[in-house]
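See below for the structure under consideration.
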Amino acid sequence: MFKIQQLFPVLPKNLPLQRLYSTARLLQEWETDTKANCIEKTTDEITASQFNLLANTLGSSEYIDEKIPKDKTLVPPCWHHVYFPPRTQEHNLASDGYETSYFPPKPFSQRMWVGAQLDWSLENPLKIGDKVKMTTTLDRAQLRQGRMGDSAMVWIDKDIENEDGWSMRERRCLVYHPEQENISTPRGITVKKKAEFSKIMTPSSILLFRYSALTFNSHKIHFDHEYATKIENHPGKRSSESDRYELWITNHLGHLAVKGSATVTE
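For reference, each letter of the sequence shown is one residue, going 3 to 268 in my numbering.
Below, the structure written as structure tokens:
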């Protein structure tokens with residue numbers, strides 16, 4: 003078993019007792035109901051074309067330009083994100099453009115990616131041509147308090163299997179905040195652990211557009227400047243300033259990829 007784990011922030015737990023109890027009970031009831039009634043099963047095929055398009059987006063693979071990978075070509079870790087797109091019509095999306103599955107009840111309304119833990123089977127990796135199935139379930143939900151007040155931490159498991167059995171799991175952690183107004187606190191998590199390898203990258207607007215298109219990610223933060231700056235309170239794109247983006251990092255052999263948050267300079 004091979005693992006990658008991103009660290010989650012440690013948030014203080016100093017809520018007033020009465021509010022903690024009522025909100026915690028609401029979240030606990032939602033957790034119990036969701037675990038019992040919400041199990042999503044989706045299917046897909048690991049196609050060579052989608053693989054090639056991601057390679058051309060990142061520019062860090064031998065399968066760029068018109069070089070299409072053959073059947074049984076191994077899929078690099080984390081490239082599963084360009085498969086299993088959310089097959090959701092626009093009118094069924096949340097107000098921020100994201101899908102509503104595993105979305106906790108009000109007052110939690112604003113979603114943020116926190117991190118993920120990924121486990122792979124070394125004996126049964128995903129390959130081009132695989133017919134695959136993904137089962138999505140709620141692992142757990144917890145109430146915490148941070149700089150934005152009460153927050154719902156939600157962990158979701160995505161297990162992927164091919165014809166030969168289980169291949170990988172992504173345990174995704176999302177945080178849902180109450181609606182915020184005039185928040186000027188900088189976003190992002192400072193990573194103190196020294197990385198085993200690193201890569202400096204300045205993504206263009208074209209790269210970011212292609213990446214969102216490949217993953218069918220319609221979260222407004224990726225393309226709606228007014229929403230990103232006025233609703234989510236992220237800094238706008240300005241010369242000589244830094245923004246934070248989701249991106250992929252590979253090691254010097256191109257065999258490992260991690261989807262995470264990084265600071266890049268425009």
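Using N, Cα and C, we set each Cβ at its ideal position, and we do this for glycine too.
Sequence-distant Cβ neighbours of Pro109 in its own chain, meaning closer than 8 Å and more than five residues away, are Thr25, Asp152, Pro180 and Glu181. Around the beta carbon of Phe218, a 10 Å sphere encloses fewer than 16 other beta carbons of the protein chains shown; the residue is thus reported as exposed.
Judged by their CB atoms, Leu28 and Pro87 are not nearer to each other than the 8 Å cut-off. Selection Glu228, Val84 and Ala118 evaluated against Asn58 yields Val84 as nearest (Cα-Cα). In the DSSP secondary-structure assignment, Tyr178 is bridged to Arg113 and Ala154.
Cβ atoms of Phe53 and Trp81 come within 8 Å of each other, at about 7 Å.
When DSSP states are grouped into helix, strand and coil, Ser24 belongs to the helix group. Here Ile41 is not near Thr102, since their CB atoms are 8 Å or more apart. Taking all protein chains in view, the Cβ of Gln30 is surrounded by fewer than 16 other Cβ atoms within 10 Å, so the residue is classified as exposed.
Residue environment analysis places Ile162 among the buried positions, since at least 16 neighbouring C-beta atoms fall within 10 angstroms of its C-beta. Inter-segment contact for the region 119 to 138 and the region 162 to 177 is present: three or more beta-carbon pairs are separated by less than 8 Å. Around the CB of Arg89, fewer than 16 other CB atoms lie within 10 Å, so the residue is classed as exposed.
When the beta-carbon positions are compared, Lys222 and Gly99 come within less than 8 Å of each other. Residue pairing for Arg149: DSSP places it in no beta bridge. In the DSSP annotation of this structure, the continuous segment of the alpha helix (DSSP H) that includes Thr59 starts and ends at Ala50 to Leu60. In this chain, Thr217 is not harboured by any beta strand (DSSP E), its DSSP state being neither H nor E. Ranked by Cα distance from Val177, the options Asn94, Ala143 and Asp121 are led by Ala143. Beta bridge pairing from DSSP links Met136 with Thr44 and Ile162. By the criterion of a C-beta distance shorter than 6 Å, Tyr229 is surrounded in its chain by Lys222, once the five residues flanking it on both sides are discounted.
Distance between His227 and Glu92, taken at the CA atoms: about 19 Å.
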